[in-house]
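Below is one structure, written out as C-alpha coordinates; the observations come after it.
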Amino acid sequence: MDRGRRVTLEERIAIVKYTLDHANDYQEAAKHFNVSYPQVYTWVRKYRQRGMEGLVDHRGRPKRD
(Lines of atoms letter the chains of each structure in order from A and count residues from 1; the text may use other names and numbers.)
(Lines give C-alpha, C1' and ligand atoms only; values in the text may rest on other atoms or scores of the structure.)
Protein backbone atom coordinates (compact mmCIF):
# COMPACT_ATOMS: atom_id res chain seq x y z
CA MET A 1 0.00 0.00 0.00
CA ASP A 2 1.30 3.42 -0.90
CA ARG A 3 1.94 6.03 1.71
CA GLY A 4 -0.72 8.76 1.78
CA ARG A 5 -0.12 12.34 0.90
CA ARG A 6 -0.32 15.33 3.21
CA VAL A 7 -3.74 16.96 3.26
CA THR A 8 -4.49 20.43 4.61
CA LEU A 9 -7.46 21.25 6.82
CA GLU A 10 -9.15 22.98 3.89
CA GLU A 11 -8.73 19.86 1.75
CA ARG A 12 -10.15 17.66 4.52
CA ILE A 13 -13.20 19.92 4.76
CA ALA A 14 -13.67 19.78 0.98
CA ILE A 15 -13.34 15.98 0.98
CA VAL A 16 -15.92 15.60 3.76
CA LYS A 17 -18.36 17.98 2.05
CA TYR A 18 -17.90 16.16 -1.28
CA THR A 19 -18.54 12.80 0.39
CA LEU A 20 -21.67 13.99 2.17
CA ASP A 21 -22.98 15.69 -0.98
CA HIS A 22 -22.53 12.46 -2.97
CA ALA A 23 -24.56 10.15 -0.71
CA ASN A 24 -21.56 9.03 1.42
CA ASP A 25 -19.70 7.58 -1.56
CA TYR A 26 -16.34 7.16 0.17
CA GLN A 27 -14.78 5.27 -2.74
CA GLU A 28 -15.61 8.04 -5.24
CA ALA A 29 -14.27 10.72 -2.88
CA ALA A 30 -11.07 8.75 -2.33
CA LYS A 31 -10.48 8.46 -6.08
CA HIS A 32 -11.46 12.07 -6.80
CA PHE A 33 -9.06 13.53 -4.20
CA ASN A 34 -6.33 10.85 -4.48
CA VAL A 35 -6.48 9.78 -0.83
CA SER A 36 -7.23 6.41 0.79
CA TYR A 37 -10.72 5.07 1.45
CA PRO A 38 -10.09 4.50 5.19
CA GLN A 39 -8.86 8.07 5.59
CA VAL A 40 -12.01 9.49 3.97
CA TYR A 41 -14.15 7.28 6.18
CA THR A 42 -12.26 8.43 9.29
CA TRP A 43 -12.59 12.12 8.43
CA VAL A 44 -16.34 11.81 7.81
CA ARG A 45 -16.79 9.89 11.08
CA LYS A 46 -14.82 12.52 13.04
CA TYR A 47 -16.77 15.32 11.35
CA ARG A 48 -20.07 13.71 12.37
CA GLN A 49 -18.92 13.21 15.97
CA ARG A 50 -17.13 16.52 16.65
CA GLY A 51 -17.84 18.82 13.72
CA MET A 52 -15.02 20.92 12.25
CA GLU A 53 -12.93 20.47 15.41
CA GLY A 54 -12.71 16.76 14.63
CA LEU A 55 -10.83 17.51 11.41
CA VAL A 56 -8.09 19.57 13.08
CA ASP A 57 -4.77 17.76 13.47
CA HIS A 58 -3.27 18.48 16.89
CA ARG A 59 -0.13 16.38 16.49
CA GLY A 60 3.25 18.07 16.96
CA ARG A 61 2.04 20.91 19.12
CA PRO A 62 3.25 21.40 22.71
CA LYS A 63 1.01 20.52 25.62
CA ARG A 64 -0.88 23.33 27.29
CA ASP A 65 0.23 24.34 30.79
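Sequence positions in the sequence shown follow the numbering used here and run 146 to 210. Backbone N, C-alpha and C fix where the C-beta goes; we use that ideal spot for every residue, glycine too.
(message) Three Cβ pairs or more, each shorter than 8 Å: is that satisfied between the segment 171 to 180 and the segment 190 to 202?
(response) no
(request) Leaving aside the five residues before and after residue 160 along the sequence, list all residues of the same chain whose C-beta is less than 8 Å from its C-beta, in chain order. (result) 152, 174, 178, 180, 185, 188
(request) For residue 191, collect the residues of the same chain with a Cβ closer than 7 Å to its Cβ; drop the 5 residues on either side in sequence, then sort them by chain order. (result) 199, 200
(request) Go to residue 176, then tell me how far its alpha helix (DSSP H) extends in each direction, as first and last residue. (result) 171 to 178
(message) Here's the rule I'm using: 16 or more other beta-carbon atoms within 10 Å means buried, otherwise exposed. How should residue 195 be labelled?
(response) exposed
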